[in-house]
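Visitor: Chains as they are written, first to last, in the numbering used here: chain U, 62 to 260; chain E, 62 to 260; chain A, 62 to 260; chain P, 62 to 260. For every residue, glycine included, the Cβ atom is placed at its ideal position computed from N, Cα and C. Since this is a predicted model, take the numbers as computed values, not measurements. My structure is below; once you've seen it, I'll send some questions.
4 protein chains.
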Amino acid sequence: MPDTRKPNPARRNERSRQAILAAARELISEMGYARVSIEAIAARAGVGKQTIYRWWPSQGAVIFDSFLDLSRDAEGQGVALPDTGDIEADLKLVMRATVAEFADPRFEAPIRALNAEIINDPELAAQYREKLAGPVDDAKKTRLRSAQQAGQLAADADLDLVLEVLYAPLYQRWLHRSGPLTAEYADALVEVTLKAFRP
Amino acid sequence: MPDTRKPNPARRNERSRQAILAAARELISEMGYARVSIEAIAARAGVGKQTIYRWWPSQGAVIFDSFLDLSRDAEGQGVALPDTGDIEADLKLVMRATVAEFADPRFEAPIRALNAEIINDPELAAQYREKLAGPVDDAKKTRLRSAQQAGQLAADADLDLVLEVLYAPLYQRWLHRSGPLTAEYADALVEVTLKAFRP
Amino acid sequence: MPDTRKPNPARRNERSRQAILAAARELISEMGYARVSIEAIAARAGVGKQTIYRWWPSQGAVIFDSFLDLSRDAEGQGVALPDTGDIEADLKLVMRATVAEFADPRFEAPIRALNAEIINDPELAAQYREKLAGPVDDAKKTRLRSAQQAGQLAADADLDLVLEVLYAPLYQRWLHRSGPLTAEYADALVEVTLKAFRP
Amino acid sequence: MPDTRKPNPARRNERSRQAILAAARELISEMGYARVSIEAIAARAGVGKQTIYRWWPSQGAVIFDSFLDLSRDAEGQGVALPDTGDIEADLKLVMRATVAEFADPRFEAPIRALNAEIINDPELAAQYREKLAGPVDDAKKTRLRSAQQAGQLAADADLDLVLEVLYAPLYQRWLHRSGPLTAEYADALVEVTLKAFRP
DNA sequence: TGGTAAACGAGACGGTACGTCACGTCTTAGA
DNA sequence: TCTAAGACGTGACGTACCGTCTCGTTTACCA
């Protein structure tokens, strides 16, 4: 009979939690996702394996949390996009930033790891949409709605679809390494998208 | 001294090759990609492990080949798209077929497995572009060029970009399970793409 | 800095002590010695693990105490052997009682556990001789001295040796399961021993 | 589903087998039985853990085999006792040798380990009687029968009982550390036993 | 057509990591 | 202050697979 008792979060050791998430990020960057084991994370974090198993159901969940942790630091909670009134300029700025982020070697391995994990784990995918993609997408949609009111975007445009047309090509090109990710490419995607959803 | 001699492909046992690829596909469908091992494939195929290691460098390569095998059966060699003269109708037909394929449970697990593998393995990604995506994309681009000549598409449109705008949103939505994949969605993508690249 | 303070026995919770010893006995009988853990004893006794570690240095010590506790109940403090004047009859009575005790399933597992523990733990062996075997052996030697005075036993017989010749074969046969333990066997041992140490 | 396939003994690696048994003996002598783990044996032997689990069902079985291996070396196959015609002299010789063996630190820990294991494992106890104690006892009984024919021992003496009276006190005193093991003690046991079973 | 070298099935091997269990220490809350 | 509760770092458990390495046993070429 496995132990089904739930641990008491109030007594959780925050130092251990941070050490585990940091170790996970470091190891993924250093050796690539496929070679990272729970044992290695525990050893690097100076933590017992059980402390990982106690709080996370799977390795994917640890990866996810380590990534969540990273984003929280980066963003704070104000995830608002710039709004200069010029939707094209604003989107290009944001898209170019995304391109730059993908080129940063510190982000490369963990983001790839997370995406690989998401593909095969629906549970994780749901969490990803809710905790990571969701808030960011909401901020983007807020900016798009502003553009709609300014008449720069069709009033009846499906904003989820707009975001997909804008971002999915970029993500796919990066994940599949099927072409160069340049500022020009980012600009082209913005222009194409705006043309597609022009009023 | 390890055995560095290369095996002689002429003497390869075709029955074993087929059994291995079939076993790989079956196991991925049955138990999910993460739980499939070389041992299990060998056992299911009634084959020694060495016979797998002799001909494939990694598990990802086996998965890839099993998938390649599958596509070859499906497509034959004539990977030409319909050309009725109406690019919108033709693309909608093809996109709806893709949506249907993604809904087929026999394809679901293996395609996901392949995509997950590609994300973390540049070598495999290159093979994927060359052997699988490449031919299909070429066929699609042939159809798009025909549309350009018919004045249905901007003559200076970057066809790789067109394909990305057309397909990436669909793939991403499926991989991330971030929304329903319907015929209407397929149609919408075609319409949006054609508007974006209208002459 | 570890806590090196000694606990104050005066404040010890007798209810917990009894619960621990009882739980130890029960678990050994139920699951066999090898499978009994401190965790299980603590859980069964409804006691914190620390309460066990505070008062006993090792699992062997708990087993020992649980056994000591059991014997104390059984014997009271009057550990005197019968003295009818007939040493052979008296010894046979006692030996047959020992045989019967060994056949009692409630005693089987704990006594075996204790003996296994004693073999590898000199500290525990010393305690065993002092607290458990000692008093019983003293009582037996008192009876043997009475037999010496009655001329039924050689006056210069080494009483420790007499006890060993009398009991060791019985214990060994039981521990090694190398033969049946019957009343006849008990009788034979008494007869052989008396013959060996006849005046 | 555990793997129930039986390994093929014909393909067993004798070098590994020897290394495991030697490592087990060494570790028991060095750190005491209680502290020896399968992991440590595998590491010391330069062997995978699975190679141990493949061929032995339990740690006790490894210990037992390592001991069996040791005895085989020591005895060769001729386990015959000396027969000078003087049973008392011959037995004293053998008993003194046993006492000396118990004092040899190379034997101390493994023999204790084996005895502790035997107490709680009936399966192992049976093997012990058959493979280790049995042949030795047979040799001893052969010598005792010779003494019976020479009229030095009661013709109707139960030889198993004779052996128990002779050896059990010695074993028990050693296992329980309840007294010194000297040549004099060995002699005394022989004298007592012969007196007990005198014709 | 019979000999021989390869590929084959089988599976044992030295390993790594798994996920679980229990250890003995520690911290917290409550009586 | 002792206690029940239980999280912690540690490390062994027994299992699953890894990729390599023999073992015989088919196969298929070639002499």
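Could you work out which residues of chain U lie near E:P196, taking near to mean beta carbons separated by less than 9 Å?
Guide: Simply none; closest approach about 14 Å.
Visitor: Counting C-beta neighbours from all protein chains within 10 Å, is the total for U:G109 16 or more, i.e. buried, or is it exposed?
Guide: When all chains shown are included, U:G109 counts as exposed.
Visitor: Three-state secondary structure (DSSP) at A:N48?
Guide: Residue 48 of chain A is absent from the structure shown; chain A starts at 62 and stops at 260.
Visitor: Quick check on the DSSP output: the alpha helix (DSSP H) that includes E:N176 runs from which residue to which?
Guide: 166–181 is the extent of the alpha helix (DSSP H) around E:N176.
Visitor: Is it true that the CB of P:V251 sits closer than 8 Å to the CB of P:L152?
Guide: Yes; because the gap between Cβ atoms is below 8 Å, this pair is in contact.
Visitor: A:A84 to U:Y189, Cα distance in whole Å?
Guide: So the alpha carbons of these two residues sit roughly 48 Å apart.
Visitor: Do you know how far the Cα of P:R133 is from the Cα of P:A95?
Guide: About 25 Å.
Visitor: How long is the line joining the alpha carbons of U:R173 and U:L236, rounded to whole angstroms?
Guide: Cα-Cα distance, rounded: 7 Å.
Visitor: Taking Cβ positions only, does E:K256 come closer than 8 Å to chain U?
Guide: With 8 Å as the cut-off, E:K256 counts as an interface residue toward chain U.
Visitor: Counting only beta-carbon separations shorter than 8 Å, does U:P183 have a partner in chain E?
Guide: Yes, because at least one Cβ of chain E sits closer than 8 Å to the Cβ of U:P183.
Visitor: Hey, is E:Y114's beta-carbon within less than 8 Å of any beta-carbon in chain U?
Guide: Not closer than 8 Å to any Cβ of chain U, the Cβ of E:Y114 fails to qualify, so no.
Visitor: Output the distance between the C-alpha atoms of A:L246 and A:V226, rounded to the nearest integer angstrom.
Guide: Note that residue 246 of chain A is Tyr in the sequence shown here, rather than Leu. Roughly 13 Å separates the two Cα atoms.
Visitor: Would you mind telling me which residues of chain U sit closer than 7 Å to E:R238, beta carbon to beta carbon, in chain order?
Guide: Neighbours of E:R238 on chain U, chain order: P183, A186.
Visitor: Check whether the Cβ atoms of U:I89 and U:Q120 sit closer than 8 Å, and answer yes or no.
Guide: Not in contact: U:I89 and U:Q120 (Cβ atoms no closer than 8 Å).
Visitor: Thinking C-beta only, is U:E149 closer than 8 Å to U:L82?
Guide: No.
Visitor: I think E:L220 touches E:K192, with their Cβ atoms under 8 Å apart; what is that distance to the nearest whole Å?
Guide: Contact flag wrong, Cβ pair sits at about 20 Å.
Visitor: Find the nearest neighbour of E:P70 within the set E:A200, E:W117, E:P230, judged by alpha-carbon distance.
Guide: Nearest option by C-alpha distance: E:W117.
Visitor: Under 9 Å between beta-carbons, which chain U residues line up against E:D69? List them in chain order, please.
Guide: Checking the displayed sequence, the identity of residue 69 of chain E turns out to be Asn instead of Asp. The premise fails here: E:N69 is roughly 31 Å from chain U at the closest Cβ pair, so nothing lies under 9 Å.
Visitor: Measuring only between beta-carbons, confirm whether A:M62 sits less than 8 Å from chain P.
Guide: Only weak support is given to the placement of A:M62: the predicted model assigns it a pLDDT of 39, under 50, and the value that follows is read from those uncertain coordinates. It does not; no Cβ of chain P falls within 8 Å.
Visitor: With a threshold of 8 Å, are at least 3 pairs of Cβ atoms found where one atom belongs to the region 209–217 of chain U and the other to the region 159–177 of chain E?
Guide: Touching, no.
Visitor: DSSP on E:Q213, reduced to helix/strand/coil?
Guide: Coil, per DSSP.
Visitor: One question on the structure: do P:L242 and P:A164 come within less than 8 Å of each other, judged by their Cβ atoms?
Guide: Going by C-beta atoms, P:L242 is nearer than 8 Å to P:A164.
Visitor: Measuring only the C-alpha atoms, how far is P:A161 from P:A122?
Guide: Straight-line Cα distance between these residues: approximately 26 Å.
Visitor: Which bits of chain E does U:L249 rub up against, with CB to CB less than 8 Å?
Guide: The sequence given here places Ala at residue 249 of chain U; Leu does not occur at that position. Those within 8 Å of U:A249 in chain E are D219, L222.
Visitor: Does P:D219 come out as helix, strand or coil in the three-state DSSP assignment?
Guide: Looking at P:D219 - three-state DSSP - the assignment turns out to be coil, as it is neither helix nor strand.
Visitor: Which residue wins for smallest C-alpha separation from U:D126, given the options U:A80, U:V223, U:A229, U:Q209?
Guide: Of the listed residues, the one whose Cα sits closest to U:D126 is U:A80.
Visitor: Identify whether A:T243 lies in helix, strand or coil by the three-state DSSP scheme.
Guide: Looking at A:T243 - three-state DSSP - the assignment turns out to be coil, as it is neither helix nor strand.
Visitor: Is it buried or exposed for U:A104, if we count other Cβ within 10 angstroms and need 16 for buried?
Guide: So U:A104 ends up on the exposed side.
Visitor: For A:Q233 and chain P, any beta-carbon pair shorter than 8 Å?
Guide: Closer than 8 Å to some Cβ of chain P, the Cβ of A:Q233 qualifies, so yes.
Visitor: Out of A:R78, A:V97, A:E91, point me to the one whose CA is closest to A:R283's CA.
Guide: Since the first residue of chain A shown is 62 and the last is 260, residue 283 of chain A is not available in this structure.
Visitor: Determine the DSSP secondary structure at U:L142, reduced to helix, strand or coil.
Guide: In this structure, U:L142 counts as coil in the three-state DSSP scheme.
Visitor: May I ask you to list, following chain order, the residues of the region 73–97 of chain U that have a beta carbon less than 9 Å from some beta carbon of chain E?
Guide: The region 73–97 of chain U vs chain E, Cβ under 9 Å: G93, Y94, A95.
Visitor: Tell me which residue opens and which closes the alpha helix (DSSP H) that E:S77 is part of.
Guide: Here the alpha helix (DSSP H) through E:S77 covers 75–92.
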